[in-house]
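See structure below.
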Amino acid sequence: MSLILHSKKDTLIVRVLGDLDLVSADEIREKIDNSLEETRAQNLLLDLSKITFMDSSGLGVILGRYRQIKEGRGQMIIYGIKPSLKKILEISGIMSLMPVCNTEKEAWELLDEKSVKEA
2 MSLILHSKKD TLIVRVLGDL DLVSADEIRE KIDNSLEETR AQNLLLDLSK
52 ITFMDSSGLG VILGRYRQIK EGRGQMIIYG IKPSLKKILE ISGIMSLMPV
102 CNTEKEAWEL LDEKSVKEA
């Protein structure tokens with residue numbers, strides 16, 4: 002498992018590579034939380050296109066970051082979901098909680114659209 006994190010404007014972009022499971026969940030959670038705090042990002046874009054496996058611990062990481070972002074009145078968008086992962090996210094209810102896009106470009110467009118509506 003590895004993470005690629007970078008920030009742009011008031012948004013943290015996170016790409017997870019590998020497994021998001023019991024073994025990696027605590028480390029991923031800590032790195033994302035630290036980056037959110039350091040960058041003071043209000044929004045989170047989560048790229049799931051490189052995830053090879055996810056279990057309930059991974060779902061917990063996603064839901065926890067969602068709650069954290071919503072409490073700060075920000076937006077969280079997930080994108081790049083493979084068909085094998087889509088079923089897990091649908092059953093868990095995650096896909097009905099937050100916006101889902103196919104690409105990072107679509108996620109940025111949606112984030113910009115939401116920002117304009119809220120202004």
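Note that our numbering has the sequence shown beginning at 2, numbered continuously upward.
Even glycine gets a Cβ: it sits at the ideal position worked out from N, Cα and C.
Being a predicted model, the structure only gives us computed values, none of them experimental.
Sequence-distant residues of its chain with Cβ nearer than 6 Å to residue i (five each side left out)
{"i": "Met-77", "result": "Leu-45, Tyr-67, Ile-70 and Met-99"}
{"i": "Met-2", "result": "Gly-19, Asp-20 and Ser-25"}
Residue i - partner residues in DSSP beta bridges
{"i": "Val-15", "result": "Leu-6 and Leu-47"}
{"i": "Met-55", "result": "Leu-21"}
{"i": "Val-101", "result": "Ile-79"}
Range covered by the beta strand (DSSP E) that runs through residue i
{"i": "Met-77", "result": "77–80"}
Proximity of residue i and residue j at Cβ, strictly below 9 Å
{"i": "Leu-90", "j": "Leu-60", "result": "yes"}
{"i": "Ser-8", "j": "Ser-36", "result": "yes"}
{"i": "Ile-92", "j": "Ile-79", "result": "no"}
{"i": "Ile-14", "j": "Leu-21", "result": "no"}
{"i": "Ile-58", "j": "Leu-23", "result": "According to the sequence provided, residue 58 is Ser. The question's Ile does not apply to it. Cβ distance < 9 Å, so Ser-58 and Leu-23 count as in contact."}
{"i": "Met-55", "j": "Leu-86", "result": "yes"}
7 Å CB neighbourhood of residue i in its chain, flanking five on each side removed
{"i": "Ile-82", "result": "Leu-49, Leu-90 and Val-101"}
Own chain partners of residue i with C-beta closer than 8 Å, once the 5 adjacent residues on each side are dropped
{"i": "Leu-112", "result": "Thr-12, Asn-44, Leu-46, Gln-76 and Ile-78"}
Extent of the continuous alpha helix (DSSP H) run through residue i
{"i": "Thr-40", "result": "26–40"}
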